[in-house]
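**Student:**
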Amino acid sequence: MPDPVPARRVPSRPRRLLTTALAVLLALVAAPAAPARAATGTWFAGTYTSLAGIRDYHGYVPSSYRPGTPMPLLVALHGCTENDVGFDVLTGLSALAERRGFLVVFPDQSTLANPAQCWNWPLSNNQHRGRGEPSIIAGITGLVRSRWTVDPARTYVTGVSAGGVMSVIMAVTYPDLYAAAATVAGCEYECDVLRLRSPDQAGLDAWREMGARARPVPVLVFQGSADPVVAPVTADRIVGQWAQTDDLALDGLDDGDVTATPSRVERGQVPGGRTYAHSVHHGPEGTVLIEKYLIDGAGHVYPGGCSCSLYGDPTGPDASGLSWDFFLAHPRR
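According to our numbering, the sequence shown is numbered sequentially starting from 2.
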C-alpha cells in the first residue's frame with residue numbers, strides 16, 4: 002500500500018468542484034485503459050457537516066437527468082490510501098453513470114479521522130445506525146436525495162476494501178435507505194478478521210441491528226483468490242452472514258429459505274483475461290438475493306478497474322458494470 006496521504010485543508014466548494022472535475026476528466030483522457038468516453042453531465046462537490054463529523058464528497062449527475070423524473074442513485078465508498086476522486090477514476094463510475102443513467106456520489110474519508118483515509122469500520126461507534134461514519138454517509142445520501150429527484154426504491158451502496166466493509170455496514174444499519182449493496186474485497190458485518198465467530202452469528206447480529214426495518218437485502222460480493230490483504234474465505238463469510246440475515250428477515254413473511262450453499266455455480270472468463278467462479282444464491286420464489294464472484298489469481302484490487310490506478314485490474318470481470326446490472330434487478334420492495 003502507498004504511504005498515507007497527508008492531511009490537507011478543505012478547499013472552498015467552487016474550487017473543490019473545479020478540481021474534482023478536472024482531475025477526473027484529465028485522468029480519463031490520459032489513461033487509454035480508462036472507461037469509455039468522458040462524462041458530459043454535471044459535477045457537484047461539497048462538504049457535509051453533522052455532530053458526527055465533517056466529510057467532503059463529490060458526485061455526478063448524468064446529462065439524461067430531468068428534474069421531477071426519479072433517477073437511481075449510487076453511493077460509492079473508496080478504500081484505504083484512496084480518496085473520492087481516485088476511486089472515481091479507478092471504477093469509472095461517473096462515466097458509467099452517464100452511459101446508463103444514474104446519479105453517483107463519492108463520500109471522502111478525512112485524513113483527520115484516519116491518516117490512511119480508511120473508513121473506521123472496526124470501531125463499534127461506526128457499526129450502528131445514527132452514529133459515527135454510517136450517519137455521515139447516510140447524511141450525504143440524504144443530501145443528494147434532497148437536491149435531485151432520486152428514486153427512493155433505487156438507492157444503492159458499493160465500496161472496495163475498507164469501503165467494502167462499510168458498504169456492508171450501511172446495508173445493515175440503513176436497510177430502509179439502500180435497496181442493495183455490492184462489496185469488493187470487503188468483510189462481513191462486525192468483521193471478525195480472526196474468524197473466531199461464525200457467519201451465522203454475524204448474520205444474527207446484523208438482523209438485530211436492523212430492528213423493525215429488517216428486510217432481505219440483496220448483496221453482490223467480489224473477491225480475488227490471491228488477495229494478500231483480505232483472506233479469500235472472507236467472501237464466503239459475507240455470503241454466510243447475509244444468508245442468515247436475509248433468512249431471518251423473511252421469517253414470518255415467506256416460507257422460503259436462504260442458505261449459504263449456492264443454488265448454482267458458473268465458470269466464466271473475461272476475454273483475454275481472468276477466469277472466475279460466479280455463485281448465485283436464490284431466495285423465495287426463485288429470486289436472486291446473493292451473488293459472488295471469486296476471481297482466480299486476483300489480488301487486493303478492483304476487478305475491471307483502470308490500469309491507471311494501483312488498485313485497478315482491467316483483466317478482471319467488470320465490477321462496476323456487473324454491480325449496476327445487479328442493482329437494476331433489485332429495487333427496494
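Virtual Cβ for every residue (Gly too), placed ideally from N, Cα, C.
1. Name the residue from T288, V62, V166 and D152 whose alpha carbon lies nearest to the alpha carbon of A96.
2. Tell me the DSSP bridge mates of D109?
3. For S324 and A114, I'd like the C-alpha separation in whole angstroms.
4. Please confirm whether V220 and A186 have their CB atoms less than 8 Å apart.
5. Can you give me the Cβ contacts of V158 inside the same chain, cut-off strictly under 6 Å, excluding the 5 residues immediately before and after it?
6. Just how far apart, CA to CA, sit L104 and V281?
7. What are the start and end residues of each continuous alpha helix (DSSP H) run of 4 or more residues lying completely inside the stretch 182-256, in chain order?
8. In chain order, what residues of the same chain have a beta carbon less than 6 Å from the beta carbon of L78, not counting five sequence neighbours either side?
9. Does the beta-carbon of I291 have 16 or more other beta-carbons within 10 angstroms, so that it is buried, or is it exposed?
10. Looking only at C-alpha atoms, which of G54, V230, D314 and A203 sits nearest to V240?
11. Would the beta-carbon of L74 fall within 8 Å of that of V145?
12. May I ask you to report which of helix, strand or coil DSSP gives T260?
13. Quick one, are the C-beta atoms of Q242 and E189 less than 8 Å apart?
14. Could you pull the start and end residues of the beta strand (DSSP E) that D152 belongs to?
15. Taking only the alpha-carbon atoms, compute the straight-line gap between D177 and A250 and give it to the nearest angstrom.
16. Measuring CB atoms only, is the stretch 51-62 touching the stretch 81-94, in the sense that at least three cross pairs come out at less than 8 Å?
17. Mind checking whether P91 and Y303 have CB atoms under 8 Å apart?
18. Verify the CB distance criterion: does N84 have a CB-CB separation below 8 Å to chain C?
19. Return the CA-CA distance between H380 and T262, expressed in angstroms with no decimal places.
20. Starting from F45, trace the beta strand (DSSP E) both ways and give me its first and last residue.
21. Could you check if P369 is buried or exposed, using at least 16 other CB atoms within 10 Å of its CB as the buried criterion?
22. Taking the beta carbon of A299 as the centre, do at least 16 other beta carbons fall within 10 Å, making it buried, or is it exposed?
23. To the nearest angstrom, how far is it from the Cα of H279 to the Cα of F327?
24. Return the CA-CA distance between P200 and D193, expressed in angstroms with no decimal places.
25. Is S64 helix, strand or coil by DSSP?
26. Alpha carbon to alpha carbon, what distance is there between V218 and L311?
27. From the DSSP output, in three-state form, read off P73 for me.
28. Can you give the beta carbon distance from L295 to Q245, rounded, assuming they're within the 8 Å contact cut?
29. Could you give the distance in angstroms between the alpha-carbon of G313 and the alpha-carbon of R275?
30. If contacts are defined as beta-carbon pairs under 8 Å, then S64 and E99 qualify, I think. What distance do you get, rounded to the angstrom?
31. By the three-class DSSP mapping on this structure, what secondary structure does T276 have?
32. Pull up the CB-CB distance for Y277 and D297, whole angstroms please, since I reckon it's below 8 Å.
33. Where does D85 sit, in a helix, a strand or coil, going by DSSP?
34. For my contact list, P68 and V151 are in at a C-beta cut-off of 8 Å; report their separation, rounded to the angstrom.
35. Closer than 6 Å by C-beta to R333: which residues in its own chain qualify, once you throw out the five before and the five after it? Chain order, please.
36. Return the chain-ordered list of same chain residues with a C-beta closer than 6 Å to the C-beta of G140, the five sequence neighbours on each side being excluded.
**Tutor:** Let's see:
1. The candidate whose alpha carbon is nearest that of A96 is V62.
2. Beta bridge pairing from DSSP links D109 with D57.
3. Going by the C-alpha atoms only, they are around 29 Å apart.
4. Going by beta carbons, V220 and A186 fall outside the 8 Å limit.
5. Closer than 6 Å at Cβ, skipping near neighbours: V76, S168, M171, Y179 and A182.
6. The alpha-carbon atoms of L104 and V281 are separated by roughly 27 Å.
7. Counting only unbroken stretches of 4 or more residues, the alpha helix (DSSP H) elements lying wholly within the stretch 182-256 are 200-211 and 234-251, in sequence order.
8. Answer for L78: G160, G164, M167 and S168, listed in chain order.
9. Buried is the label assigned to I291, since at least 16 other Cβ atoms lie within 10 Å of its Cβ.
10. Looking from the CA of V240, the closest CA among G54, V230, D314 and A203 belongs to A203.
11. Between L74 and V145, the gap from beta carbon to beta carbon is short of 8 Å.
12. Reduced to three states, the DSSP call for T260 is coil.
13. The answer is yes: Cβ separation under 8 Å.
14. Taken as a continuous stretch (DSSP letters only), the beta strand (DSSP E) holding D152 covers V151 to V161.
15. Rounded to the nearest angstrom, the gap between the Cα atoms of D177 and A250 is 13 Å.
16. They touch, by the three-pair rule.
17. Looking at the sequence provided, one finds Leu at residue 91 rather than Pro. Annotated as proximal: L91 and Y303, with beta-carbon spacing under 8 Å.
18. Of the protein chains in this structure there is only one, and it is not chain C.
19. Not covered by the structure: residue 380. The range shown for the chain is 2 to 334.
20. DSSP places F45 inside the beta strand (DSSP E), whose first and last residues are T43 to S51.
21. One cannot answer for residue 369 here, as it falls past the ends of the chain, which runs 2 to 334.
22. By the neighbour-count rule (16 or more Cβ atoms within 10 Å), A299 is buried.
23. Just so you know, the alpha carbons of H279 and F327 end up roughly 13 Å apart.
24. Spanning the two alpha carbons is a distance of roughly 9 Å.
25. DSSP places S64 in coil when its eight states are reduced to three.
26. One C-alpha to the other measures close to 31 Å.
27. Looking at P73 - three-state DSSP - the assignment turns out to be strand.
28. About 20 Å separates the Cβ atoms of L295 and Q245, ruling out a contact at the 8 Å cut-off.
29. Per the coordinates, the alpha-carbon of G313 lies some 13 Å from the alpha-carbon of R275.
30. That belief holds up - the Cβ atoms of S64 and E99 are roughly 7 Å apart, short of 8 Å.
31. In this structure, T276 counts as strand in the three-state DSSP scheme.
32. Yes, they are in contact, since the Cβ atoms of Y277 and D297 sit about 6 Å apart, within 8 Å.
33. Helix, per DSSP.
34. Contact flag wrong, Cβ pair sits at about 11 Å.
35. For R333, where only same-chain residues beyond five positions count, the Cβ hits under 6 Å are A154 and A180.
36. Exclusion of the five residues before and after G140 leaves Y49 and S51 as the residues of its chain whose Cβ lies within less than 6 Å of its Cβ.
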